[in-house]
């Protein structure tokens with residue numbers, strides 16, 4: 266990575282610019298459900314306010330749990346903002362959490378889980394191929 270710039274926009278939510286691309290990073294490490302819900306709601310409000318396409322990176326650890334209450338709120342926020350989300354990367358999930366994510370992502374192709382920050386950033390920063398629609402005459 267050539268350049269990385271950090272700016273906190275809210276409690277443990279930061280705007281990172283890497284290689285000219287903006288990534289919103291939310292750190293759920295060691296958070297309880299109430300704090301996680303506050304963060305996802307704040308992130309959703311920020312995305313709606315900015316009203317531009319975003320890349321998202323979520324950081325979890327063994328002490329952050331995707332409870333049913335958090336999943337419900339996260340789903341609501343994503344329904345409201347999904348049209349602005351280009352890709353989502355998650356790091357710090359154990360095998361059980363990865364399986365839960367996979368179950369929730371059956372139709373979702375832009376959310377992926379990674380073992381390292383480097384892998385997650387590489388995924389978020391990779392260029393998307395431009396798909397040109399085929400015109401049939």
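Residue numbers (my numbering): 266 to 402. All residues carry an ideal CB built from backbone N, CA and C; glycine is no exception. Small disclaimer: the values here were computed from a predicted structure and weren't measured.
Cβ shell of residue i (< 8 Å), same chain only, five flanking positions each side left out
i	result
residue 278	289, 290, 291, 292, 304, 307, 308, 311
residue 316	349
residue 388	352, 354, 377, 379
residue 375	350, 351, 352, 353
Sequence-distant residues of its chain with Cβ nearer than 7 Å to residue i (five each side left out)
i	result
residue 318	349, 351
Alpha-carbon to alpha-carbon, residue j and residue i
i	j	result
residue 339	residue 284	28 Å
residue 390	residue 345	24 Å
residue 287	residue 378	19 Å
residue 383	residue 326	16 Å
residue 313	residue 280	15 Å
residue 320	residue 337	21 Å
residue 298	residue 380	23 Å
residue 392	residue 343	23 Å
residue 322	residue 356	8 Å
Proximal residues to residue i (C-beta, below 6 Å), its chain only, five neighbours per side dropped
i	result
residue 301	293, 335
residue 341	none
Contact under 7 Å by Cβ, residue i with residue j
i	j	result
residue 354	residue 331	no
residue 329	residue 359	no
N-terminal and C-terminal residue of the alpha helix (DSSP H) that residue i is part of
i	result
residue 287	Premise fails: residue 287 lies in the beta strand (DSSP E), 286–292, not in any alpha helix (DSSP H).
residue 304	298–315
residue 325	Looking at the DSSP string, residue 325 is not in any alpha helix (DSSP H), and its letter there is neither H nor E.
residue 386	382–390
Span of the beta strand (DSSP E), counted from its first residue to its last, around residue i
i	result
residue 376	376–379
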